[in-house]
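Chains as they are written, first to last, in this note's numbering: chain A, 8 to 235; chain B, 13 to 117.
Backbone N, C-alpha and C fix where the C-beta goes; we use that ideal spot for every residue, glycine too.
Quick caveat, the model's predicted, so the values are computed rather than measured.
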Amino acid sequence: MRVPGSNPFATRYTAPGAIPYQFPTDFGMQQLTDRWLGDCHGRGLIVGPHGSGKTSLLHSWVPSLGPIELVHQVAGFLPSPEARPQTGQLQAVVPGIRWFRLTHQQRALQAIWDDSRRHWRPELAIVVDGYEQLHPWARWRLLNRCRRLRCRLIVTSHRRSLGIKTLWRTDVSPELGHRLISQLLERNRSTIRAEEWTKEQLSGRLERQSGNFREVLFELYDLAEQDR
Amino acid sequence: VEYRLVGTTWGRVRALELSVLWYTEGKGNEDTGLHYFHRLTEDQLPIQQGDEPDRFEVQLPQAPLSYEGSLIKIRWVVRGRLLLSDGGEVLVDRMFRLGPPVRSS
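See below:
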């Protein structure tokens, strides 16, 4: 819903979950699930630079896997209501999901261990957003516990991690960025036209921000404010 | 606050939620505050359809006042949320300004 005077690049429109993750044309959620349960044996890593859509992918994909039992986080923002408990087509395969968003290493780590003693069981899917923030010893311990308890695992990280097969690489190309911006402007019926930000300009911005589309959206927020 | 339900098939409506709330909008994390909430279930739904509006009253607080900044905005809205029996919903926000009266010069 558009509010008069809203900035189309405000967090409420751009936060993970607000924009559905967009795959290349020949790939989708079902293929990702098949790859996760097949090639990756239920333990997969989503890797990509800052602001490239890792958390957005989690928000779009994970709710389709089954009911989310817990969204645990230490700081930051909660996933959107759409990403909270929902039933999905793979409910019988994945009986539950526990989601951890890591923004503070020590406390989050303790929270995972405390939680695991009480609730973890075979085939439960553990989602850890921000896996690289864990100490290598903690990552090993988490992986080991998942193996021992036969839990499934989905993690996101800025870099490849040993021990977990790469499930998906996130990347925002200038074409995709332009499409997302057009959708944001269209959805908000903004008076700003997407053509004002050409693919070349967007490409330059993405390059300056090292592929961080979130930072590009912040820049566009400022530009939109100047235009008001 | 006056409102009307128009174009609704009554058998499809499960509940109506009326709320008055504020939220922040901007570049950072959002904040929100619920000031008033009232849920009307199917048997309590307004009888009036069409021309005659239904009404409810709310005493607004002293703060936070509406604010239109570059980095952050504070928005007050009256929100109507119609919950349908098929699981769908219709959400309507009407923004208003909470602030001191504008003085005419």
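CB contact check: residue i to chain A, cutoff 8 Å
i, result
"residue 37 of chain B", "yes"
"residue 82 of chain B", "yes"
Option in the options with minimal Cα separation from residue i
i, options, result
"residue 13 of chain A", "B/83, B/32, B/14, B/54", "B/83"
"residue 27 of chain A", "A/46, A/70, A/38, A/44", "A/70"
"residue 31 of chain A", "A/162, A/25, A/153, A/182", "A/182"
"residue 94 of chain B", "B/45, B/105, B/85", "B/105"
"residue 32 of chain B", "B/72, B/66, B/42", "B/72"
"residue 88 of chain B", "B/36, B/54, B/64", "B/36"
"residue 187 of chain A", "A/216, A/227, A/52, A/155", "A/227"
"residue 25 of chain A", "A/138, A/55, A/62", "A/62"
"residue 48 of chain B", "B/38, B/13, B/26, B/56", "B/13"
"residue 40 of chain A", "A/132, A/184, A/139", "A/132"
"residue 70 of chain B", "B/54, B/64, B/50, B/103", "B/50"
"residue 92 of chain B", "B/16, B/29, B/25", "B/29"
"residue 225 of chain A", "B/38, B/17, B/42", "B/38"
"residue 189 of chain A", "A/209, A/171, A/173", "A/209"
"residue 21 of chain A", "A/235, A/221, A/232", "A/221"
"residue 18 of chain B", "B/43, B/64, B/52, B/76", "B/64"
"residue 54 of chain B", "B/24, B/41, B/34", "B/24"
"residue 58 of chain A", "A/137, A/50, A/127", "A/137"
"residue 48 of chain A", "A/154, A/148, A/234, A/72", "A/154"
"residue 23 of chain A", "A/235, A/68, A/193, A/130", "A/68"
"residue 232 of chain A", "B/108, B/97, B/85", "B/85"
"residue 141 of chain A", "A/162, A/44, A/130", "A/162"
N-terminal and C-terminal residue of the alpha helix (DSSP H) that residue i is part of
i, result
"residue 250 of chain A", "The requested residue 250 of chain A is not part of the displayed model; chain A covers only 8 to 235."
"residue 193 of chain A", "181-194"
"residue 221 of chain A", "220-234"
"residue 66 of chain A", "61-68"
"residue 155 of chain A", "143-156"
"residue 40 of chain A", "36-44"
Chain B within 8 Å of residue i, Cβ atoms only
i, result
"residue 225 of chain A", "yes"
"residue 63 of chain A", "no"
"residue 138 of chain A", "no"
"residue 96 of chain A", "In this prediction, residue 96 of chain A scores a pLDDT of 30, lower than 50, which makes its location untrustworthy; the coordinate-derived value is nonetheless stated afterwards. By this cut-off, residue 96 of chain A is not an interface position."
"residue 222 of chain A", "no"
"residue 28 of chain A", "no"
"residue 219 of chain A", "no"
"residue 81 of chain A", "Caution applies to residue 81 of chain A, whose pLDDT of 42 falls short of 50 and renders its modelled position unreliable; the value that the coordinates give is listed next. Not one chain B Cβ lies under 8 Å of residue 81 of chain A."
"residue 50 of chain A", "no"
Where residue i meets chain B, residues with beta-carbon distance less than 8 Å
i, result
"residue 18 of chain A", "37, 38, 39, 40, 41, 42"
"residue 232 of chain A", "82"
9 Å Cβ cut-off: residues of chain B touching residue i
i, result
"residue 13 of chain A", "37, 85, 87"
The beta strand (DSSP E) enclosing residue i, as first and last residue numbers
i, result
"residue 39 of chain B", "Taken as a continuous stretch (DSSP letters only), residue 39 of chain B belongs to no beta strand (DSSP E), as it is neither H nor E."
"residue 132 of chain A", "132-136"
"residue 163 of chain A", "159-164"
"residue 51 of chain A", "50-54"
"residue 93 of chain B", "84-96"
"residue 101 of chain B", "101-108"
"residue 174 of chain A", "172-176"
Cβ of residue i within 8 Å of any chain D Cβ
i, result
"residue 48 of chain B", "Protein chains in the displayed structure are A and B, and chain D is not among them."
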